[in-house]
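Structure record follows, encoded as structure tokens.
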Amino acid sequence: MKKLLLVSGDSFADPQFRSSSHPEMDVSWPKWPELMAKKLDMKLINLGRSGAGNEYISSSLQDVIVRLDDKSQIGLVVAGWSQCFRHDYQEISWHGAMEKTSWQKKSLEHIAKKGKIVWKGEWSEDWYVDGDKETYNGGDMAKSKTIHDRMDANSIKKSAGATGWECLRVNTHGDIEGWVRKSLRTYMNFQLMCERYDIPYLHTQMIPMYIDYMRGLMPTEQEVALGATRENDSMLPSQVPEEELQKIILEYEGIMDPHKFVGWPISRFIGGYPLNLEVLGVWPDTGINEYVISEMDNHPNKEGNQLIADHLLEQYEEIFNS
Amino acid sequence: MKKYLIVSGDSFTDKDFRSSCYPDMDVSWPKWPDILAKKLDMKLINLAKAGSGNGYIYNTLLDCIQLVPKDEIGYVIAGWSQCQRGDYQELGHTTGVLGGLKSTQAERDNFHANMKDSWGGQDIYKPTEMGEYAVDKRNWHQDRIDPRGNLPYWVRRTLRHYVGLQMLCENYNIPYMQCQMIDMYKDYIDGMMPTEEEVAFQGKDLYADRQTYPGDAKADEQLIMKIIMSYDGHIDTSRVIGWPLTRTLGGFPINRGVMGWNQIEEEPYVIDENDNHPNAAGHELIAEYIYDWMG
Chain A
1 MKKLLLVSGD SFADPQFRSS SHPEMDVSWP KWPELMAKKL DMKLINLGRS
51 GAGNEYISSS LQDVIVRLDD KSQIGLVVAG WSQCFRHDYQ EISWHGAMEK
101 TSWQKKSLEH IAKKGKIVWK GEWSEDWYVD GDKETYNGGD MAKSKTIHDR
151 MDANSIKKSA GATGWECLRV NTHGDIEGWV RKSLRTYMNF QLMCERYDIP
201 YLHTQMIPMY IDYMRGLMPT EQEVALGATR ENDSMLPSQV PEEELQKIIL
251 EYEGIMDPHK FVGWPISRFI GGYPLNLEVL GVWPDTGINE YVISEMDNHP
301 NKEGNQLIAD HLLEQYEEIF NS
Chain B
1 MKKYLIVSGD SFTDKDFRSS CYPDMDVSWP KWPDILAKKL DMKLINLAKA
51 GSGNGYIYNT LLDCIQLVPK DEIGYVIAGW SQCQRGDYQE LGHTTGVLGG
101 LKSTQAERDN FHANMKDSWG GQDIYKPTEM GEYAVDKRNW HQDRIDPRGN
151 LPYWVRRTLR HYVGLQMLCE NYNIPYMQCQ MIDMYKDYID GMMPTEEEVA
201 FQGKDLYADR QTYPGDAKAD EQLIMKIIMS YDGHIDTSRV IGWPLTRTLG
251 GFPINRGVMG WNQIEEEPYV IDENDNHPNA AGHELIAEYI YDWMG
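Structure representation (structure tokens):
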């Protein structure tokens with residue numbers, strides 16, 4: 001059985017990515033997670049979601065990983081971290097929870113046998129909606145369903161409860177230093193989870209963690225397409241010296257595994273890099289090139305996605321196959 | 001050499017707890033972490049802060065565990081709080097929150113050496129400086145109700161913290177325990193009551209002025225039951241006192257399960273009917289319960 005490549009991230013990883021600046025453009029080229037999965041001969045579970053922040057990325061991975069009883073099914077996990085100032089939260093509804101039922105049924109029965117349920121007996125039938133019975137192994141409620149029976153990413157997200165996420169572009173609470181620190185804890189949390197379960201992993205700052213905020217957040221590509229201008233509609237630059245954020249990152253030196261964090265320590269001024277800037281070669285002072293969609297949209301194009309996949313594969317080979 | 005007992009939590013665990021309705025009351029009795037540390041013959045690092053939510057509790061433990069040499073940690077305890085609270089940090093350009101997370105190994109070694117000197121021989125009943133070093137509470141802020149998300153999400157977010165703490169401690173082979181110190185969601189789904197301070201000083205009525213739950217309470221509670229149960233088998237419940245956390249499922253939060261479900265009428269373990277924080281006897285009882293649980 002093929003091992004699983006589990007990926008989460010923002011628009012750079014999103015298999016459903018659409019260009020906001022060029023909504024009519026055909027962007028159906030293979031994204032880097034798909035290219036990696038093909039090369040590694042693994043089955044891909046891609047949880048990437050446009051606009052997502054780091055809490056989504058971490059939580060979506062944890063939600064799936066903890067529910068896999070046999071962690072050895074996982075061949076590799078990759079987290080492509082996003083901007084630290086985004087804010088993720090969930091609006092969970094019954095719909096997502098019911099989808100989770102079938103995957104969890106064995107567990108629910110197990111709990112019931114232990115006699116913990118005192119929910120007045122309502123749970124035994126009521127907690128399974130008709131849809132569950134129809135879709136769960138063709139009605140065979142006794143048969144356990146595995147993640148391999150659910151290779152559709154949406155189905156897996158629902159099964160793991162990783163649905164109903166919303167994202168604010170800028171967190172309304174806290175400040176840039178607090179958000180940097182929060183993201184670094186999230187990265188630590190991811191590292192600890194993978195180490196605990198002995199799961200091969202890589203993570204990287206897929207796009208700059210804080211630069212866009214520090215320099216004055218520009219209108220989105222969609223807002224620009226609708227008439228906003230970068231000159232008139234950008235936020236004011238932050239007054240916090242960038243060195244302070246670099247100091248916070250460096251506090252995690254010696255704690256974060258630099259081999260498995262591609263581009264550590266994140267900022268080029270202290271020897272690291274955000275992956276898109278380094279690999280695609282689109283540093284703020286170098287401008288765009290042939291690996292991004294356009295001047296309006298700096299997401300990777302087909303060749304750019306190949307470059308990102310190659311870079312991560314190179315790290316994978318060096319760490320896990322050398 | 002004595003090892004460290006590291007705890008985090010909310011007002012039930014805060015060494016600097018003050019009663020909101022009785023600001024002049026002397027509440028300097030030993031809190032359960034003090035008593036437990038003495039029983040365990042460990043040095044105490046108490047990171048708890050009144051009003052804090054579970055984000056604060058998890059992140060302060062994560063920060064502190066990174067800071068302290070792992071072989072010097074004897075036990076870690078999380079006393080989880082209400083899930084609807086929202087925590088965030090505003091450092092305001094004052095870095096150095098984690099005094100110990102230095103950029104080089106030499107700096108870290110030096111820091112640890114200095115800290116050991118400053119903690120050595122301390123009476124555990126005196127406030128330690130460790131909490132101030134490990135976590136600057138002043139730059140953490142809380143919303144009583146997180147302005148984003150809904151109750152099922154906040155429950156799930158808390159359960160993710162349970163998993164996170166478990167992985168953290170298992171990864172470093174640190175003995176740990178976690179418990180719901182107060183009910184995770186009941187106070188919110190039943191309609192948030194005014195704070196003790198609002199009742200005492202703003203004339204609000206505990207019942208007449210309670211908020212209305214902004215959803216379908218019955219349906220959401222069923223969903224919450226389901227979310228909690230979905231973690232059974234994924235959380236090491238042998239390390240959780242009171243699992244599955246809520247009375248509806250047969251679990252309990254510490255304050256109710258240990259001090260009594262009808263505290264005021266039957267158990268003399270809380271300050272009074274206006275302030276249900278544990279009094280001296282309540283803290284003794286909680287410490288004793290946890291100590292016995294540890295075996």
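From first to last, the protein sequence lines stand for chains A and B.
Just so you know, my numbering puts 208 at position 208 of the first sequence, and the rest follows in order with no gaps.
Just so you know, my numbering puts 11 at position 11 of the second sequence, and the rest follows in order with no gaps.
The beta carbon of each residue, even a glycine, is placed where N, CA and C say it ideally should be.
(1) On the CB-based measure, 16 or more other CB atoms within 10 Å of its CB, does A/N171 come out buried or exposed?
(2) Rank B/H161, B/I174 and B/Y56 by C-alpha distance to the C-alpha of A/R181 and give the top, closest one.
(3) Residues of chain B with CB under 7 angstroms from A/V66, in chain order?
(4) I'd like to know if B/N324 contacts chain A, where contact means its C-beta is closer than 7 angstroms to some C-beta of that chain.
(5) Against chain A, does B/P152 count as a neighbour if the rule is that its beta carbon must be under 7 angstroms from one of theirs?
(6) In three-state terms, what does DSSP make of A/I92?
(7) Roughly how many angstroms lie between the CA atoms of B/Q202 and B/S20, to the nearest whole one?
(8) Looking at C-alpha atoms only, which residue of B/E197, B/Y269, B/N139 and B/N150 is the closest neighbour of B/Y382?
(9) To be precise: take each residue of the segment 67–91 of chain B, compare its Cβ to all Cβ atoms of chain A, and keep it if any distance is under 8 angstroms. Which residues remain?
(10) Classify A/N171 as helix, strand or coil using the three-state DSSP reduction.
(11) Rounding to the nearest angstrom, what Cα-Cα distance links B/L61 and B/L5 in this structure?
(12) Can you tell me whether A/E295 is buried or exposed, with buried defined as 16 or more other CB within 10 angstroms of its CB?
(13) In terms of residues, what are the limits of the beta strand (DSSP E) holding A/A309?
(14) Mind checking the segment 229–261 of chain B against chain A and listing, in chain order, the residues whose C-beta falls within less than 9 angstroms of any C-beta there?
(15) Indicate the three-state DSSP secondary structure (helix, strand or coil) for A/F261 in the structure shown.
(16) Just checking my contact of B/A287 with B/W32 at CB under 8 angstroms: how many whole Å lie between their CB atoms?
(17) I need the boundaries of the alpha helix (DSSP H) containing A/V66, first residue and last residue.
(18) So, at 6 angstroms on beta carbons, what are the nonlocal neighbours of B/L159 in its own chain, with the 5 sequence-adjacent residues on each side left out?
(19) Restricting to Cα atoms, I'd like to know which of B/D272, B/G242, B/K226 and B/M229 is closest to B/Q178.
(20) Please tell me whether B/N59 has its Cβ less than 7 angstroms away from any Cβ of chain A.
(21) Quick test of the definition: if touching needs 3 or more C-beta pairs under 8 angstroms, does the segment 71–85 of chain A touch the segment 201–211 of chain A?
(22) By the criterion of Cβ-Cβ separation under 8 angstroms, what are the contact partners of B/L47 in chain A?
(23) Quick check on this structure: which residue in B/D26, B/L249 and B/N46 has the alpha carbon closest to the alpha carbon of B/K137?
(24) Pull up the distance between the alpha-carbon of A/C194 and that of A/P30, whole angstroms please.
(25) Would you mind stating whether B/H141 and B/N54 have Cβ atoms separated by less than 7 angstroms?
(26) What does B/M177 reach in chain A if we use C-beta pairs closer than 8 angstroms?
(27) Let me check understanding here. Comparing Cα to Cα, which of B/T195, B/S81 and B/D16 lies closest to B/I182?
(28) Report the rounded CA-to-CA distance for B/S8 versus B/R157, giving the unit in angstroms.
(29) Who are the Cβ neighbours of A/H311 in its own chain at under 6 angstroms, not counting the five residues just before and after it?
Taking the coordinates as given:
(1) Looking at its Cβ environment, which holds 16 or more other Cβ atoms inside 10 Å, A/N171 is buried.
(2) That would be B/Y56, whose Cα lies nearest to the Cα of A/R181.
(3) The contacting residues are V163 and H234.
(4) In the structure as shown, chain B starts at 1 and stops at 295, and residue 324 of chain B therefore has no counterpart that could be examined.
(5) B/P152 counts as touching chain A.
(6) In the displayed model, A/I92 falls within coil according to three-state DSSP, outside both helix and strand.
(7) Each residue's Cα considered, the two are about 12 angstroms apart.
(8) Lying before the first or after the last residue shown, residue 382 of chain B is absent from chain B, which here runs from 1 to 295.
(9) Answer in chain order: G86, Y88, Q89, E90 and L91.
(10) Of the three classes helix, strand and coil, the one that applies to A/N171 here is coil, per DSSP.
(11) About 11 angstroms.
(12) A/E295 comes out exposed.
(13) No beta strand (DSSP E) contains A/A309, which is instead part of the alpha helix (DSSP H) from K302 to F320.
(14) Near chain A, meaning a CB-to-CB distance below 9 angstroms, the residues of the segment 229–261 of chain B are M229, S230, Y231, D232, G233, H234, I235, W243, P244, R247, T248, L249, G250 and G251.
(15) DSSP places A/F261 in strand when its eight states are reduced to three.
(16) The C-beta distance from B/A287 to B/W32 rounds to 4 angstroms, short enough to fall under 8 angstroms.
(17) Segment N54 to R67, the alpha helix (DSSP H) holding A/V66.
(18) The residues Y231, in chain order, have a CB closer than 6 angstroms to that of B/L159 in the same chain once the five nearest residues on each side in sequence are set aside.
(19) Nearest in C-alpha terms to B/Q178, of all of B/D272, B/G242, B/K226 and B/M229, is B/G242.
(20) Answer yes: the Cβ-Cβ gap between B/N59 and chain A drops below 7 angstroms somewhere.
(21) Under the Cβ criterion (8 angstroms, minimum of three pairs), the segment 71–85 of chain A counts as touching the segment 201–211 of chain A.
(22) Those within 8 angstroms of B/L47 in chain A number zero; the least Cβ separation is about 14 angstroms.
(23) If we check each option's Cα against that of B/K137, B/N46 comes out closest.
(24) Those two C-alpha atoms are separated by around 27 angstroms.
(25) No, these two residues do not count as a Cβ contact at 7 angstroms.
(26) From the beta-carbon of B/M177, no residue of chain A is found nearer than 8 angstroms; the closest lies around 18 angstroms away.
(27) Looking at B/T195, B/S81 and B/D16, the one whose alpha-carbon comes closest to that of B/I182 is B/S81.
(28) Their backbone Cα atoms lie some 17 angstroms apart in a straight line.
(29) Result list for A/H311: V279, in chain order.
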